[in-house]
Amino acid sequence: MSFTLHGIPVSRGIAIGQAYLIAPAALDVAHYLIEPDQIDAEIERFNAAQVAVAAELEALRADLATDAPSEMGAFINVHTMILNDAMLVQETFDLVRTRRYNVEWALTKQLEILGRFFDEIEDEYLRERKADVEQVVERLLKALAGASTTASLIAHTAASNGHNEMIVVAHDIAPADMLQFKTQAFKGFVTDLGGRTSHTAIVARSLGIPASVGVQQASVLIRQNDLIIVDGDHGIVIVDPAPIVLEEYSYRQSEKLLEQRKLQRLKFSPTQTLCGTKIELCANIELPEDAQVAVEAGAMGVGLFRTEFLFTNHKDQLPEEEQFEAYKRAIELMNGKPVTIRTIDVGADKPLDSMSAGDGYETAPNPALGLRAIRWSLSEPQMFTTQLRAILRASAFGPTKILIPMLAHAQEIDQTLDLIQEAKRQLDEAGIAYDRKVQVGAMIEIPAAAIAVRLFLSRLDFLSIGTNDLIQYTLAIDRADNAVAHLYDPLHPAVLNLIAYTLREAKKAGVPISVCGEMAGDPTVTRLLLGLGLTEFSMHPSQLLVVKQEILRSSLKAFEKPVADVLAAYEPEELQAALARLQKV
Ligand code: PEP
Ligand code: MG
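Now the structure itself:
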């Protein structure tokens with residue numbers, strides 16, 4: 000039966016392919032039927048999860064303090080017994096074999112059956128053992144999810160020759176997991192959760208393949224291998240499309256390819272407006288190899304290298320040498336064009352592996368307002384200095400700038416500059432070369448930083464507006480939360496006036512300023528940003544040519560009046576009318 004789901008468009012284009020479901024780590028597991036020849040593999044998955052949980056329980060036992068109450072040991076014994084109990088294990092296998100349920104489905108079904116059985120027990124003590132069974136099942140499901148997330152997905156796709164027209168469907172994908180898809184040939188992404196500028200969405204865009212996020216219930220309603228269409232321009236997912244719909248989308252897909260090919264012609268022309276103002280277009284990258292893509296897209300440099308992605312997927316600290324090699328690689332690939340390296344921005348929706356429970360991170364009441372980005376770096380001065388040394392060393396190999404995320408306070412800027420001095424001193428002492436004139440800049444992504452931009456202008460060499468966070472913090476909208484995604488509005492008068500003010504002040508002070516948030520790569524706001532005086536844009540390489548096309552058609556003089564009207568408009572209709580006029584001039 001054909002049906003359509005609606006979400007948030009995050010990466011343009013149309014993808015047509017078979018759904019590949021990734022099991023979520025939570026209890027709401029994917030339900031799908033398996034083929035007879037998959038039964039053994041499914042049981043094997045269960046056995047592996049059982050071994051992992053047994054090891055977890057043993058580790059818990061080993062960690063028990065000698066004076067721990069004896070109930071603790073007893074509780075681990077009970078859980079170990081349940082883990083091996085035939086009522087749980089054999090009956091689950093039975094459901095896999097006879098009904099062909101995937102093992103998570105079979106396991107939760109069996110839990111349901113056992114639950115009813117426990118409810119009828121008269122003895123209170125025994126009845127309460129139901130909670131223990133639930134806890135063991137939860138551990139098993141987590142272990143199964145761990146084994147069936149990206150790692151096994153990648154293994155699966157590598158094994159399934161010819162099945163490369165696949166679209167990943169998941170409850171949610173962590174940005175770090177998303178990164179692993181870079182090497183895989185998937186045609187699209189659909190997730191239940193996420194917002195337009197969640198880091199998962201940003202990485203999806205960097206892969207240049209269509210994606211829709213915030214498609215609530217997608218991972219429940221879509222079944223394994225369903226034929227689906229992802230319309231990444233409109234956030235629509237069509238499941239089991241009718242032949243005529245399929246034909247229409249195949250046609251649109253080929254039209255889009257044609258359009259993209261036409262845009263390629265713009266690659267080597269200089270970027271300037273009709274009135275002759277030169278505009279600099281740079282690229283945002285997540286990994287050093289992305290620099291190659293940036294060069295191929297015609298970027299004038301890297302305006303934002305999000306270094307945190309080097310650190311995620313790493314259990315331990317990243318050694319200075321490894322960091323240095325990564326930064327140097329990006330710099331060398333850019334071949335003389337400047338590379339702006341942003342220091343690590345972890346926290347919020349980009350936790351490090353080490354930020355797990357017990358480190359106080361998961362219990363932070365509000366991670367987006369907590370120890371994130373530079374706040375985290377300043378709380379870990381040794382790790383931060385290591386990163387600064389690695390960046391400085393790389394600066395000897397080509398033009399490099401250092402960019403600091405999430406600054407708001409004068410003392411944070413001063414502390415950061417002191418640590419950069421310290422890193423330089425250490426390199427001097429060791430006789431290691433670096434660019435002594437390396438420029439240091441700040442992201443303007445907290446409203447306080449925009450309003451008090453003068454604090455920054457007097458201390459830093461350049462600024463870069465991070466609109467993703469500036470919008471999040473101005474409007475108090477979690478950028479990764481689809482429940483409030485409809486309120487995430489780049490065109491809110493407060494946001495526009497903050498951007499306009501920051502640009503104006505920076506220009507007045509003669510401090511170079513760029514925009515590196517997602518707005519910079521959105522061709523529908525290119526004219527507005529140009530009209531506000533922006534001359535440096537940094538965006539994902541896939542957006543470079545569409546934005547360039549818009550710039551080539553722009554005449555700044557004609558933008559003055561409609562842009563002034565946009566800034567003066569507070570009523571939505573007024574604002575929309577002014578924007579429409581701006582698009583037409
Ligand atoms: C931003 O906030 O706009 C930005 C560019 O940084 P990130 O998306 O990595 O937070
Ligand atoms: Mg940011």
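Just so we're aligned, residue 0 is where the sequence shown starts under numbering that gives the first Met the number 0, counting upward by one.
In this text, a Cβ means the ideal position worked out from N, Cα and C, and glycines have one as well.
Keep in mind that this is a model prediction, so the values were computed, not measured.
For Phe267, the three-state DSSP class (helix, strand or coil): For Phe267, the secondary structure class from DSSP, reduced to helix, strand or coil, is coil.
Cβ neighbours of Phe2 in the same chain (closer than 7 angstroms, five flanking residues each side left out): Val238
Cβ-Cβ separation, Thr199 to Val212 (assumed contact under 8 angstroms), whole Å: Indeed, because the Cβ distance is near 7 angstroms, the residues count as touching under 8 angstroms.
For Val229, the residue or residues it bridges with in DSSP: Ala14, Val236
Residues near Gln471 in its chain [Cβ-Cβ closer than 8 angstroms; skip 5 each side]: Thr196, Ala367, Asp477, Arg478, Tyr487
Cβ-Cβ separation, Thr399 to Ile412 (assumed contact under 8 angstroms), whole Å: Not quite, the Cβ-Cβ distance comes to about 19 angstroms (not below 8 angstroms), so this is no contact.
From Leu377, Lys556, Ala567, residue whose alpha carbon lies closest to that of Leu273: Lys556
Inter-stretch contact at 8 angstroms, needing at least 3 Cβ pairs: the stretch 566 to 577 / the stretch 537 to 546: no
Strand pairing of Ile464, partner residues [DSSP]: Ile443, Val514
DSSP-derived helix/strand/coil call for Ala451: coil
Close-in-space but distant-in-sequence residues of the same chain around Ala499 (CB under 6 angstroms, 5 per side omitted): Leu531, Leu566
The stretch 252 to 270 in contact with the stretch 519 to 531 per 3-pair CB rule at 8 angstroms: At 8 angstroms Cβ cutoff, the stretches do not touch.
Exposure label - Ala158; buried when at least 16 CB within 10 Å: Reliability of the predicted coordinates at Ala158 is poor, the pLDDT of 45 falling under 50, and no value is obtained from them.
Contact test: Glu444 Cβ vs the ligand MG heavy atom, cutoff 7 angstroms: Flag set: Cβ of Glu444 near the ligand MG.
Tyr124 burial status per 10 Å Cβ neighbour count (16 or more: buried): exposed
Proximity to Thr97 [Cα-Cα], best of Ile38, Met382, Phe116, Asn83: Minimum Cα distance to Thr97 is reached at Ile38.
Three-way DSSP call (helix, strand, coil) for Thr35 in this model: According to the sequence displayed, residue 35 carries Pro and not Thr. Pro35: helix per DSSP, three-state reduction.
Environment of Gln89 [buried if 16+ CB atoms lie within 10 Å]: exposed
Helix, strand or coil at Ser537 [DSSP, three-state]: strand
Close-in-space but distant-in-sequence residues of the same chain around Arg11 (CB under 7 angstroms, 5 per side omitted): Pro209, Gly231, Asp232
Alpha helix (DSSP H) segment containing Arg526, residue limits: 525 to 530
Residues that DSSP places opposite Gln438 in a beta bridge: Per DSSP, the beta-bridge partners of Gln438 are Lys400.
Ile243 Cβ short of 7 angstroms to the ligand PEP heavy atom set: no
Leu309 beta carbon less than 8 angstroms from that of Ala298: Going by C-beta atoms, Ala298 is not nearer than 8 angstroms to Leu309.
Counted within 10 angstroms of its Cβ, other Cβ atoms place Val50 as buried (16 or more) or exposed: exposed
Residue environment, Ala447, which counts as buried when at least 16 other CB atoms sit within 10 Å: So Ala447 ends up on the exposed side.
Limits of the alpha helix (DSSP H) - the one that Phe180 falls within: The continuous stretches of alpha helix (DSSP H) do not include Phe180, and DSSP gives it neither H nor E.
Simplified DSSP state of Arg341, which is helix, strand or coil: If DSSP states are grouped into helix, strand and coil, Arg341 belongs with the strands.
From Gly207, Ala130, Leu286, Phe304, residue whose alpha carbon lies closest to that of Pro8: Gly207
Residue span of the alpha helix (DSSP H) that contains Met86, given as start and end: 85 to 98
Heavy atom of the ligand MG within 7 angstroms of Ile467 beta-carbon: The identity of residue 467 in the sequence shown is Asn, whereas the question assumes Ile. Checking every heavy atom of the ligand MG against the Cβ of Asn467, one is found closer than 7 angstroms.
Three-state secondary structure assigned by DSSP to Thr473: helix
Identity of the residues DSSP links to Pro8 by a beta bridge: Ser211
Any non-hydrogen atom of the ligand PEP closer than 7 angstroms to Asp477 Cβ: no
beta-carbon Pro404 near the ligand MG non-hydrogen atom, thresh 7 angstroms: yes
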